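**Q**
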Amino acid sequence: MHQIWVAVIQGIIEGLTEFLPVSSTGHLILSGNLMGFNGEKADTFEVVIQLGAILAIIVLYWKRYLTLLRIGRRSQTGRDDHGLKLGHIIVACLPAMVMGLALHKIIKTYLFSPYTVLVGLVIGGVFMILAERRIKRTTAETVDSLTYKQAFQIGLFQCLALWPGFSRSGATIAGGLLIGASYRAATNFSFLIAVPMMVAASGYDMLKSYKMLAASDIVFFGVGFVVAFIVALLAVAGFLKLLERMKLSSFAYYRFALAIVYGIYLFAR
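The sequence shown begins at 4 in our numbering and counts up by one.
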């Protein structure tokens, strides 16, 4: 029964934080440390529930993904139906994929600890506040207005999220603001590139840890997957509405508070 509760709690945390600019990986590391849920099995479980969160994005954006895959389709006017192309997604994902593959062992060995997560939370929060205060003139009001150059620049910012605690969505949304994208354009693009990025990262990790999966863990892993999917589905829909009323700085202050509280816990125990 304890395992089921761990699966539910971690699934909720993954679903709530995967697409918010607060770092899901950082939260899972911190919560796992609190519950004593660490090691190879915990790493494999994290990969599985991330796939649940990915499924939520596919469900919410399936029409857009189908459009992206219809390469070369033209409207009656002779122009592309949508400005965003599959190429935008590819150029945005390449930098982090290449760097992540090259530094995978180093990152997993040295950066997956509560202490490094706290550093990532603080630095990522500062970056988000600075990006919000230095917003350039908006040149991409919608995701279809993004250029290939802007997509690639957002991809470079995404590399910052290789440090656990920094946050992939925080890095891409803040980076989008810095290169002239609107809040909504940066957020939508962040969600769209999440699927290939997470599939690549989760797939690579799964190849390395699939041996940890056992028949006795089916219920445990299944509960985490389903919970992460449902919560992520609700979180993404709510986040888009939340951005209309809240700024990135609000999430940054939450990150600072979490880092302070957890830091006190670490040094007091």
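Every residue, glycine too, gets a C-beta built ideally from N, C-alpha and C.
Source: prediction; values computed, not measured.
Report back the beta-carbon spacing between Ala238 and Leu58 to the nearest angstrom; my notes put them in contact at under 8 angstroms.
**A** Not really, about 13 angstroms apart at Cβ, beyond 8 angstroms.
**Q** By alpha-carbon positions, which one of Ala143, Val234 and Leu243 ends up nearest to Gly55?
**A** The option with the nearest alpha carbon to Gly55 is Val234.
**Q** Does the pairing of the region 124 to 141 with the region 103 to 112 give three or more beta-carbon distances under 8 angstroms?
**A** Touching, no.
**Q** Which residues in the same chain as Ala240 place their Cβ atom closer than 8 angstroms to its Cβ, once the five residues preceding and following it in sequence are excluded?
**A** Excluding residues within five positions, the ones whose Cβ falls inside 8 angstroms are Leu63.
**Q** Among residues of its own chain, excluding the 5 on either side of Ile15, which ones have a beta-carbon nearer than 7 angstroms to its beta-carbon?
**A** Excluding sequence neighbours, Ile15 sits near Val230 and Val234.
**Q** In the structure shown, what three-state DSSP assignment does Asp84 receive?
**A** Bear in mind that the predicted position of Asp84 carries a pLDDT of just 47, short of 50, making it unreliable; the figure below should be weighed with that in mind. Three-state result, Asp84: coil.
**Q** How long is the line joining the alpha carbons of Ala154 and Leu269, rounded to whole angstroms?
**A** Taking the straight line from one Cα to the other gives about 39 angstroms.
**Q** Which whole-angstrom value describes the C-beta separation of Gly128 and Arg258, a residue pair presumed to lie in contact below a C-beta threshold of 8 angstroms?
**A** Rounded, the Cβ-Cβ distance is 4 angstroms, consistent with contact.
**Q** Alpha helix (DSSP H) containing Ala197: first to last residue?
**A** Run containing Ala197: Tyr186 to Ser212, per the alpha helix (DSSP H) assignment.
**Q** Three-state secondary structure (DSSP) at Ala134?
**A** Three-state result, Ala134: helix.
**Q** Can you give the Cα-Cα distance for Gly227 and Gly86, rounded to whole angstroms?
**A** If you take the alpha carbons of Gly227 and Gly86, they lie about 37 angstroms apart.
**Q** Leaving out five residues on either side along the sequence, give the residues of the same chain with a beta carbon under 6 angstroms from the beta carbon of Ala99.
**A** Hits under 6 angstroms: Gln161 and Cys162.
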